[in-house]
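To start, the structure itself, in structure tokens.
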Amino acid sequence: MKRKRCARCVFMTLEFVVACLLAAQGVAAAGQSAPPTTAAESADAAEFSSSQTTLAEPIQSVRVPMPSAVGLLEDFQNSDVKFALPALIDLLRDKRHEGWVLAAYPDPKTSRPLIGAGFTLDLPERAHPQSDRTNPHPFLEPSSADLWQAAGLAPDRLDEILDQYHARLAAWSKKGFRRRIASLTPQITDAEATLLLRIAAIQAIYNAKAYCRNFDALTASQQMALTQLVYQMGVNLEEFNEFLSLINKDSSAAQTQGANTLSANAEPGDRDYWTSVQHSLMRSQWARLYRTRAIAVIAMLDPAYTDSPAGAEGRVGAILRPAVLHRRHGHAAGLHSVASRGGNASRLQKRKRAMRTKKRA
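In this text, residue positions in the sequence shown follow my numbering: the first is 1, and each later residue adds one.
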């Protein structure tokens, strides 16, 4: 009996081991795909395997790489605008607009370092989101260092110019610095300043398109005028709500600002429409503070500007008045007393005396 029990135990043990081995093989086989017997079964198995892999892994969105701001500026073509870019460059170099200084000098308001035709040397890269969903053009706001390199200039030279600028500003103050602008030793050549102006003007063109969804429909002089506004004001042009609403033909927003808006069927070439656009700029503080420059820029918005530039400027100058400078009471009174003793006042007094003499006679 004992031998039979032992044999039975051994048999049961062997049977248990075999069962465990079979179970282990089944688990291993469950993690593998069974070899298909036909081509259709092979395709079905591959499709199932790929779908299982896709479901198991997290879904990742495919991002199309966008060109950088500097890349867009470098890809600019002269055919992108109706006006000649060299003509805009020559215009911005004029003293009536930006001027031309080949050494770093302080901005009269912000004290930021400028060079050439007002090229800012220390601006960081800035985010400027496009709020107009109907405008496909993005704003381009790369850093000054990126624009400097895009113009083909060495980065270490920019660092040297900035170091020298800050040392001079600390020693001279802003007013003293600006008094010395005419005597500054050039830090860049005329050709290098032209390269900086060109890349900055192209940036202004791209941002002008971002501000005005109808930019491509404008005339050459109107495109140049809007580009000049962007070049001078930069992101501050965002504050000209009435003007931006009008050039984008958003009449409801313009009426809120109290502008003379165009009718629903007006075309961009209508004289009345562009007169209202011009008046929106004439009412700004910018136009009164920079009257000479503003007259030249605002006149370019006239659709008949190319027929008579002088006549367009004359019409703007007849309306645009200089800014009123609020002086201290004592100083203003002193100016009035001096003016009363001037040549015009003495002539009036002589005429009055002559009239009295005639009456007595």
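We put the CB at the ideal spot given by N, CA and C, even for glycine.
For clarity, every value in this text was computed on a predicted model and none was experimentally measured.
The three-state reading of DSSP puts A104 in strand, counting E and B together.
Residue environment analysis places T189 among the exposed positions, since fewer than 16 neighbouring C-beta atoms fall within 10 angstroms of its C-beta.
The three-state secondary structure of G116, taken from DSSP, is strand. Unbroken alpha helix (DSSP H) stretches of 4 residues or longer found wholly inside the segment 107-168: 144-150, given in chain order. Judged by DSSP secondary structure, I202 falls within the alpha helix (DSSP H) whose first and last residues are 190-211.
By the 16-neighbour rule on beta-carbons within 10 angstroms, S280 is buried. V81 sits in coil when the DSSP states are folded into three classes, being neither helix nor strand.
The beta carbon of P124 sits closer than 6 Å to those of S143, all from its chain and outside the five residues before and after it, given in chain order.
With respect to I199, A167 sits apart: the two C-beta atoms are not nearer than 9 Å. Our two residues, T306 and R288, have alpha carbons roughly 24 Å apart in a direct line. When rounded, the separation of the alpha-carbon atoms in G116 and I202 is 15 Å. The alpha carbon of R291 has as its nearest neighbour, out of K82, P86, R96, E74, the alpha carbon of R96. Taking the C-beta atoms as reference points, S111 is found nearer than 9 Å to L169. Considering only R353, I295, K209, the residue with the shortest C-alpha distance to K82 is K209. Distance from the CA atom of P136 to the CA atom of A217, rounded to whole angstroms, is 15 Å.
Q222 counts as buried, since no fewer than 16 other beta carbons sit within 10 angstroms of its beta carbon. When only Cα atoms are considered, W148 and A193 end up about 10 Å apart. Contact annotation, R271 with N248: C-beta distance approximately 19 Å; criterion of less than 8 Å not satisfied.
A direct Cα-to-Cα measurement between L301 and A171 gives close to 44 Å. If you compare the alpha carbons of R283, E98, S68, W100 with that of R321, the shortest gap goes to R283. Nearest in C-alpha terms to R178, of all of L88, R126, P113, is P113.
Counting only the Cα atoms, I181 lies some 10 Å from L102. Boundaries for D307: no alpha helix (DSSP H) harbours it, and the DSSP string shows neither H nor E there. In the DSSP annotation of this structure, the continuous segment of the alpha helix (DSSP H) that includes A299 starts and ends at 291-299.
Taken through DSSP and simplified to helix, strand or coil, P322 comes out as coil. With distances taken between CA atoms, L237 lies nearest to Y211 out of A220, F215, Y211. Relative to D122, the option among W100, Y165, V70 whose CA is nearest is Y165.
About 5 Å separates the Cβ atoms of V316 and A299, confirming a contact at the 8 Å cut-off. By the neighbour-count criterion, in which a residue is buried when 16 or more other Cβ atoms sit within 10 angstroms of its Cβ, N78 is exposed. One Cα belongs to L226, the other to E313, and the distance between them is close to 16 Å. Burial is judged here by how many other beta carbons sit within 10 angstroms of a residue's own beta carbon; E160 has fewer than 16 and is exposed. Looking only at G234, A145, L195, the smallest Cα-Cα distance to W100 is reached by L195. Per DSSP, T219 lies in no alpha helix (DSSP H) segment and is marked neither H nor E.
In this structure, V277 keeps its C-beta atom at 9 Å or more from the C-beta atom of L229. Per DSSP, the unbroken alpha helix (DSSP H) holding V277 starts and ends at 271-282.
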